[in-house]
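Heads up, the thing below is written out as structure tokens.
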DNA sequence: GTGATTTCTTAAGATACCTTAATTTTTATC
DNA sequence: GATAAAAATTAAGGTATCTTAAGAAATCAC
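Residue numbers (the UniProt record's numbering), protein chains in the order written: chain G, 1 to 172; chain U, 1 to 172.
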């Protein structure tokens, strides 16, 4: 049994909120078409994007999903999307996964960790300009597809400042 | 077979460099005693701490270890330490892990991801003061044990600024 | 226990990035 | 295709955090 095969799918119009802070996250979404974002809202009301998920990517709040806690994050569709989803109940079938499937799961988790760690390194050690250039290299398709203000949020800067960064880069 | 049982251990004096940028990381360390740090050095020569690992924590460069790439990070002992270590060759025995072991591995990876994601949220959305207070809550033992300048680096600020933050907190 | 090293603090000036607000450009709607 | 809405840019002034440098406090080495 493969975790994401033969799942139900549903269409999600742009702007739909799939998970709100305080909710318990009962699904793991796999994006078939479109794009989702996860984000937090800080004390002063500002939104900070944690992850994007476009085609074939997975999106969930792991902490909430695995540990049955209220979530601290939001998940929205930023394009008209279609998602396959795993619910808590069919996730419990994980114990029925065979050895090869578990190894595959393991590998995906490791890759996810590697990616998240790179993001961390980037936030800690790179300037706004470097982070933007790195994003362009790493996600060339997303940059064409998403509004810059969402990318700015993902990169940890304001849209206005990203605009400055882009202008300075263009002048070079 | 449990991954970290019955492994060799070795003593590592404070200051020892276990992994340097450019090296291929051939070990996963489990700290028996003492403390390690992993860090990057940015373009201007500044050090940014990625992780600490004290007793029972695991330390490695996953990207380098799993994908046999040259590493971008350093790993040093910041106290006289003792570590158990898994090498690439005995890691390949992972295919001999039984179902329960793999599930356990999976769970550890998930927990690691959850922790790293919290760190990310923190860096994106919290002020220096909030990050410091969060660190005290999350790692009360480390704060007593490690020099503040290392904690400042981990929190993404300079030691001088952390000192300011602490003074302002003390005045309240 | 004394000198040497490392850590921590303080303070002044600098800078990366933010805020607000207005304008322009692009995209969506009917 | 005109109008409305959303996104992107620009600019001025502000703030959080950094840099440099120096001194005080704590820790280490013998």
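Note that the Cβ used here is the ideal one computed from N, Cα and C, for glycine as well.
Assigned exposure category for residue i - 16 Cβ within 10 Å defines buried
| i | result |
| --- | --- |
| residue 67(U) | exposed |
| residue 51(U) | buried |
| residue 77(G) | buried |
| residue 116(G) | buried |
| residue 34(G) | buried |
| residue 17(U) | exposed |
| residue 85(G) | buried |
| residue 4(G) | exposed |
| residue 58(G) | buried |
| residue 151(U) | buried |
| residue 2(G) | exposed |
| residue 144(U) | exposed |
| residue 131(U) | buried |
Collapsed DSSP secondary structure at residue i in the structure displayed
| i | result |
| --- | --- |
| residue 139(U) | coil |
| residue 116(G) | helix |
| residue 3(U) | coil |
| residue 23(G) | coil |
| residue 18(U) | strand |
| residue 53(G) | strand |
| residue 98(G) | coil |
| residue 128(G) | helix |
Chain U residues whose Cβ lies nearer than 8 Å to that of residue i
| i | result |
| --- | --- |
| residue 18(G) | Neighbours of residue 18(G) on chain U: none; closest Cβ ~17 Å, over 8 Å. |
| residue 50(G) | 117, 120, 121, 124 |
Chain-ordered neighbours of residue i on chain U, where CB pairs are closer than 7 Å
| i | result |
| --- | --- |
| residue 164(G) | Within chain U, no residue comes near residue 164(G); the closest Cβ sits about 19 Å away, beyond 7 Å. |
| residue 116(G) | 113, 116, 117, 120 |
| residue 42(G) | 125 |
| residue 66(G) | 110 |
Paired residues, beta bridge with residue i - DSSP
| i | result |
| --- | --- |
| residue 48(U) | 40(U) |
| residue 70(U) | 24(U) |
| residue 9(G) | 84(G) |
| residue 59(U) | 29(U) |
Endpoints, beta strand (DSSP E) assigned at residue i
| i | result |
| --- | --- |
| residue 32(U) | 27 to 33 |
| residue 88(G) | Careful: residue 88(G) lies outside any beta strand (DSSP E), inside the alpha helix (DSSP H) at 88 to 91. |
The alpha helix (DSSP H) enclosing residue i, as first and last residue numbers
| i | result |
| --- | --- |
| residue 151(U) | 148 to 155 |
| residue 164(G) | 159 to 171 |
| residue 80(U) | That residue, residue 80(U), is in no alpha helix (DSSP H); it is neither H nor E in DSSP. |
Residues that residue i contacts on chain U, provided the C-beta gap is smaller than 9 Å
| i | result |
| --- | --- |
| residue 106(G) | 94, 102, 105, 106, 109 |
| residue 133(G) | Going along chain U, no residue has its Cβ under 9 Å from residue 133(G), so there is no contact; the nearest lies around 13 Å. |
Under 8 Å by beta carbon: chain G residues contacting residue i
| i | result |
| --- | --- |
| residue 176(U) | Nothing in the structure corresponds to residue 176(U), since chain U is present only between 1 and 172. |
| residue 123(U) | 120, 123, 124, 156 |
Chain G contact residues for residue i, given Cβ-Cβ distances below 7 Å
| i | result |
| --- | --- |
| residue 63(U) | 114 |
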